[in-house]
Amino acid sequence: MPYEPRWYIEEAIDATFNYFDTHGGTNPDGSPVMANPLIAMPTGTGKSYFIAEFVRRAFAAFPQTRLIMATHIKELIEQNAKRMIDVWPHAPIGIHSAGLKSRDVHQPIIFGGIKSMVKHTSALGWRDLVVIDEAHLVSPNADTTYQEFLTALKLQNPYVKVIGLSATIYRMGLGHLTNGNIFTDIAYDITDIAGFSRLLAEGYLCPVIPKKTATQLDISNVGISSTGDFNEAA
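Below, the structure is given as C-alpha coordinates:
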(Lines of atoms letter the chains of each structure in order from A; the text may use other names.)
(Lines give C-alpha, C1' and ligand atoms only; values in the text may rest on other atoms or scores of the structure.)
Protein backbone atom coordinates (compact mmCIF):
# COMPACT_ATOMS: atom_id res chain seq x y z
CA MET A 11 0.00 0.00 0.00
CA PRO A 12 1.49 3.39 -1.02
CA TYR A 13 2.57 5.62 1.82
CA GLU A 14 0.31 8.64 2.37
CA PRO A 15 1.76 11.35 4.64
CA ARG A 16 -0.33 12.20 7.68
CA TRP A 17 -1.85 15.68 7.85
CA TYR A 18 0.81 17.06 10.18
CA ILE A 19 3.63 15.73 7.99
CA GLU A 20 2.03 17.57 5.07
CA GLU A 21 1.73 20.72 7.18
CA ALA A 22 5.35 20.50 8.32
CA ILE A 23 6.61 20.04 4.74
CA ASP A 24 4.53 22.95 3.44
CA ALA A 25 5.68 25.12 6.33
CA THR A 26 9.33 24.33 5.58
CA PHE A 27 9.07 25.16 1.88
CA ASN A 28 7.10 28.33 2.69
CA TYR A 29 9.76 29.32 5.20
CA PHE A 30 12.52 29.11 2.61
CA ASP A 31 10.36 31.00 0.11
CA THR A 32 10.12 33.95 2.50
CA HIS A 33 13.47 33.88 4.33
CA GLY A 34 17.09 34.02 3.34
CA GLY A 35 18.79 36.03 0.66
CA THR A 36 21.70 38.42 1.09
CA ASN A 37 22.47 41.17 3.61
CA PRO A 38 23.41 44.70 2.43
CA ASP A 39 27.08 43.84 2.99
CA GLY A 40 26.79 40.84 0.67
CA SER A 41 26.82 38.18 3.38
CA PRO A 42 24.12 35.48 3.38
CA VAL A 43 21.11 35.91 5.67
CA MET A 44 20.88 33.16 8.25
CA ALA A 45 17.62 31.26 7.79
CA ASN A 46 17.70 27.92 9.59
CA PRO A 47 14.27 26.67 10.70
CA LEU A 48 13.24 24.25 13.44
CA ILE A 49 10.53 21.60 13.06
CA ALA A 50 9.11 20.47 16.41
CA MET A 51 7.18 17.18 16.46
CA PRO A 52 6.53 14.89 19.44
CA THR A 53 8.44 11.62 19.76
CA GLY A 54 6.53 8.88 17.96
CA THR A 55 4.92 11.05 15.30
CA GLY A 56 7.33 10.07 12.55
CA LYS A 57 10.11 12.61 12.04
CA SER A 58 11.79 10.07 9.77
CA TYR A 59 8.76 10.25 7.45
CA PHE A 60 9.01 14.03 7.40
CA ILE A 61 12.69 13.80 6.44
CA ALA A 62 12.04 11.27 3.68
CA GLU A 63 9.07 13.04 2.12
CA PHE A 64 10.63 16.50 2.39
CA VAL A 65 13.84 15.29 0.75
CA ARG A 66 11.92 13.54 -2.03
CA ARG A 67 9.95 16.70 -2.84
CA ALA A 68 13.02 18.93 -2.57
CA PHE A 69 14.83 16.79 -5.15
CA ALA A 70 11.77 16.71 -7.39
CA ALA A 71 11.75 20.51 -7.43
CA PHE A 72 15.53 21.01 -7.38
CA PRO A 73 17.26 17.90 -8.81
CA GLN A 74 20.77 19.30 -8.37
CA THR A 75 20.39 19.58 -4.58
CA ARG A 76 23.14 18.07 -2.44
CA LEU A 77 21.99 17.26 1.08
CA ILE A 78 23.24 15.79 4.35
CA MET A 79 21.05 14.23 7.04
CA ALA A 80 23.11 14.30 10.23
CA THR A 81 22.52 12.73 13.60
CA HIS A 82 24.52 11.25 16.48
CA ILE A 83 23.89 7.48 16.62
CA LYS A 84 23.95 4.72 14.02
CA GLU A 85 20.46 3.46 14.90
CA LEU A 86 18.90 6.78 13.83
CA ILE A 87 21.03 6.90 10.68
CA GLU A 88 19.87 3.41 9.74
CA GLN A 89 16.24 4.13 10.59
CA ASN A 90 16.11 7.40 8.66
CA ALA A 91 17.88 5.91 5.63
CA LYS A 92 15.49 2.95 5.57
CA ARG A 93 12.52 5.29 5.70
CA MET A 94 13.99 7.28 2.81
CA ILE A 95 14.10 4.13 0.67
CA ASP A 96 10.58 3.18 1.75
CA VAL A 97 9.27 6.53 0.52
CA TRP A 98 11.60 6.90 -2.49
CA PRO A 99 13.01 3.48 -3.53
CA HIS A 100 15.45 4.96 -6.06
CA ALA A 101 16.74 7.79 -3.88
CA PRO A 102 20.44 8.51 -4.56
CA ILE A 103 21.58 8.03 -0.98
CA GLY A 104 24.78 6.99 0.71
CA ILE A 105 25.72 6.22 4.31
CA HIS A 106 28.67 7.81 6.11
CA SER A 107 29.00 6.17 9.51
CA ALA A 108 31.85 4.33 11.19
CA GLY A 109 29.32 2.32 13.21
CA LEU A 110 27.62 1.14 10.01
CA LYS A 111 30.97 0.55 8.28
CA SER A 112 30.25 2.85 5.35
CA ARG A 113 32.12 5.99 4.28
CA ASP A 114 30.19 7.30 1.26
CA VAL A 115 30.95 10.95 0.46
CA HIS A 116 29.80 11.19 -3.17
CA GLN A 117 26.05 10.58 -3.27
CA PRO A 118 23.75 13.64 -3.50
CA ILE A 119 22.01 12.51 -0.29
CA ILE A 120 24.22 11.44 2.61
CA PHE A 121 22.84 9.99 5.84
CA GLY A 122 25.64 10.19 8.34
CA GLY A 123 26.94 10.32 11.87
CA ILE A 124 28.27 13.68 12.92
CA LYS A 125 31.42 12.29 14.56
CA SER A 126 32.29 10.37 11.40
CA MET A 127 31.49 13.13 8.92
CA VAL A 128 33.31 15.94 10.72
CA LYS A 129 36.59 14.20 9.85
CA HIS A 130 35.77 14.16 6.12
CA THR A 131 33.99 17.47 5.52
CA SER A 132 36.10 18.49 2.54
CA ALA A 133 35.45 15.13 0.84
CA LEU A 134 31.69 15.63 1.22
CA GLY A 135 32.03 18.69 -1.01
CA TRP A 136 29.42 21.32 -1.75
CA ARG A 137 26.18 20.84 0.16
CA ASP A 138 23.03 22.95 -0.08
CA LEU A 139 21.14 21.66 2.91
CA VAL A 140 21.82 19.94 6.24
CA VAL A 141 18.99 18.25 8.15
CA ILE A 142 19.84 17.60 11.81
CA ASP A 143 17.79 15.00 13.66
CA GLU A 144 17.70 15.45 17.46
CA ALA A 145 18.65 19.11 17.04
CA HIS A 146 18.53 19.77 20.79
CA LEU A 147 21.87 17.95 21.00
CA VAL A 148 23.58 20.72 19.01
CA SER A 149 25.70 22.77 21.41
CA PRO A 150 26.01 26.53 20.87
CA ASN A 151 29.71 26.36 21.82
CA ALA A 152 32.05 27.13 18.94
CA ASP A 153 34.48 24.28 19.65
CA THR A 154 31.95 21.45 19.41
CA THR A 155 31.48 18.86 16.68
CA TYR A 156 28.36 20.21 14.98
CA GLN A 157 29.72 23.76 15.01
CA GLU A 158 33.01 22.60 13.49
CA PHE A 159 31.14 20.61 10.84
CA LEU A 160 28.80 23.43 9.81
CA THR A 161 31.62 25.99 9.77
CA ALA A 162 33.59 23.75 7.40
CA LEU A 163 30.58 23.28 5.11
CA LYS A 164 30.07 27.05 4.98
CA LEU A 165 33.60 27.48 3.66
CA GLN A 166 32.45 25.59 0.56
CA ASN A 167 28.93 27.05 0.41
CA PRO A 168 28.25 30.15 2.54
CA TYR A 169 24.53 29.79 1.75
CA VAL A 170 24.12 26.26 3.11
CA LYS A 171 20.85 25.98 5.08
CA VAL A 172 20.19 23.94 8.22
CA ILE A 173 16.89 22.36 9.28
CA GLY A 174 16.64 21.16 12.88
CA LEU A 175 14.23 18.43 14.00
CA SER A 176 13.39 17.77 17.63
CA ALA A 177 10.61 16.85 20.01
CA THR A 178 12.12 19.27 22.55
CA ILE A 179 13.37 22.51 21.02
CA TYR A 180 15.05 23.53 24.27
CA ARG A 181 18.51 22.81 25.68
CA MET A 182 19.70 23.02 29.27
CA GLY A 183 22.00 26.00 29.73
CA LEU A 184 20.71 27.65 26.55
CA GLY A 185 16.92 27.73 26.69
CA HIS A 186 15.12 27.84 23.36
CA LEU A 187 17.25 26.58 20.48
CA THR A 188 16.77 29.86 18.64
CA ASN A 189 18.87 31.46 21.40
CA GLY A 190 21.92 29.75 19.96
CA ASN A 191 23.88 30.66 16.84
CA ILE A 192 22.46 28.14 14.36
CA PHE A 193 18.66 27.97 14.36
CA THR A 194 16.80 31.19 13.65
CA ASP A 195 13.07 30.46 13.60
CA ILE A 196 10.36 27.88 14.26
CA ALA A 197 8.78 26.86 10.97
CA TYR A 198 6.41 24.30 12.46
CA ASP A 199 5.56 23.24 16.02
CA ILE A 200 3.02 20.62 17.05
CA THR A 201 4.42 20.06 20.54
CA ASP A 202 2.07 22.45 22.31
CA ILE A 203 -1.01 21.43 24.31
CA ALA A 204 -3.34 21.81 21.34
CA GLY A 205 -1.04 19.71 19.16
CA PHE A 206 -0.66 16.92 21.72
CA SER A 207 -4.40 16.90 22.38
CA ARG A 208 -5.24 16.46 18.72
CA LEU A 209 -2.59 13.79 18.21
CA LEU A 210 -3.93 11.87 21.20
CA ALA A 211 -7.56 12.29 20.14
CA GLU A 212 -6.83 11.05 16.60
CA GLY A 213 -4.80 8.07 17.81
CA TYR A 214 -1.41 9.15 16.52
CA LEU A 215 -0.04 9.12 20.08
CA CYS A 216 -0.86 6.78 22.94
CA PRO A 217 -1.67 8.22 26.36
CA VAL A 218 1.16 7.62 28.81
CA ILE A 219 0.10 5.90 32.02
CA PRO A 220 3.08 5.73 34.39
CA LYS A 221 3.33 2.97 36.97
CA LYS A 222 5.40 3.07 40.12
CA THR A 223 8.35 0.68 39.97
CA ALA A 224 9.63 -1.53 42.76
CA THR A 225 13.12 -0.04 42.38
CA GLN A 226 13.69 3.31 44.06
CA LEU A 227 16.65 5.50 43.13
CA ASP A 228 18.43 7.74 45.64
CA ILE A 229 19.87 10.76 43.80
CA SER A 230 20.36 12.94 46.87
CA ASN A 231 24.14 12.85 46.43
CA VAL A 232 24.16 13.36 42.65
CA GLY A 233 25.43 16.80 41.70
CA ILE A 234 24.20 19.13 38.97
CA SER A 235 26.49 20.21 36.13
CA SER A 236 26.96 23.78 34.93
CA THR A 237 24.36 23.20 32.20
CA GLY A 238 21.70 22.10 34.68
CA ASP A 239 21.86 18.34 33.98
CA PHE A 240 22.69 15.62 36.48
CA ASN A 241 26.41 14.88 36.74
CA GLU A 242 26.77 11.69 34.68
CA ALA A 243 29.93 10.53 36.47
CA ALA A 244 28.16 10.76 39.83
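Numbering (the working numbering), first residue to last: 11 to 244. The beta-carbon is built from N, C-alpha and C at its ideal position, and this holds for glycine as well. These numbers were taken from a predicted model, which means no experiment stands behind them.
By Cβ distance below 6 Å, which residues in the same chain neighbour residue i in space, the five residues on each side in sequence not counted?
| i | result |
| --- | --- |
| G56 | none |
| D199 | A50 |
| Y18 | I200 |
Closest to residue i by C-alpha separation, out of the options, would be which residue?
| i | options | result |
| --- | --- | --- |
| I99 | E63, F72, D138 | It is worth fixing the name first, because residue 99 is Pro in this sequence and not Ile. For the residues E63, F72, D138, the minimum Cα distance to P99 belongs to E63. |
| N28 | A197, I119, E14 | A197 |
| I83 | W136, M127, Q226 | M127 |
| A101 | E85, I119, L86, A108 | I119 |
| V148 | I179, G122, E85, F121 | I179 |
| T237 | M182, T53, N191 | M182 |
| D153 | L86, N191, S176 | N191 |
| P150 | G135, I124, F193 | F193 |
| A177 | T155, H146, L184 | H146 |
Between residue i and residue j, what straight-line distance do the alpha-carbon atoms span, to the nearest angstrom?
| i | j | result |
| --- | --- | --- |
| S112 | Q157 | 23 Å |
| P47 | A224 | 43 Å |
| K222 | C216 | 19 Å |
| I142 | A244 | 30 Å |
| I78 | R137 | 7 Å |
| M94 | G122 | 13 Å |
| A70 | R76 | 12 Å |
| D31 | S41 | 18 Å |
| A68 | S230 | 50 Å |
| A108 | E85 | 12 Å |
| S235 | K92 | 37 Å |
| L210 | A204 | 10 Å |
| D24 | P15 | 12 Å |
So residue i and residue j are in contact, right, with Cβ under 8 Å, and what is the actual spacing, rounded?
| i | j | result |
| --- | --- | --- |
| G104 | D114 | 3 Å |
| E88 | L110 | 6 Å |
| A43 | G34 | Reading the sequence as shown, one finds Val at residue 43 and not Ala. Contact flag correct, Cβ pair sits at about 5 Å. |
| T188 | D195 | 7 Å |
| A22 | F72 | Not really, about 19 Å apart at Cβ, beyond 8 Å. |
Tell me which same chain residues have a C-beta within less than 8 Å of the C-beta of residue i, skipping the five on either side of it?
| i | result |
| --- | --- |
| T266 | A question about residue 266 goes unanswered here, because the residues of the chain that appear run from 11 up to 244. |
| V170 | R137, D138, L139, V140, L160, L163, K164 |
| H186 | I179, Y180 |
| P38 | none |
So does residue i have its beta carbon nearer than 7 Å to some heavy atom of the ligand MN?
| i | result |
| --- | --- |
| T32 | As far as ligands go, the structure on display features none, and thus does not contain the ligand MN. |
Cβ contact (3+ pairs, closer than 8 Å) linking the stretch 155-174 and the stretch 130-139: Taking 8 Å as the limit for Cβ pairs, the verdict is that the stretch 130-139 does touch the stretch 155-174.
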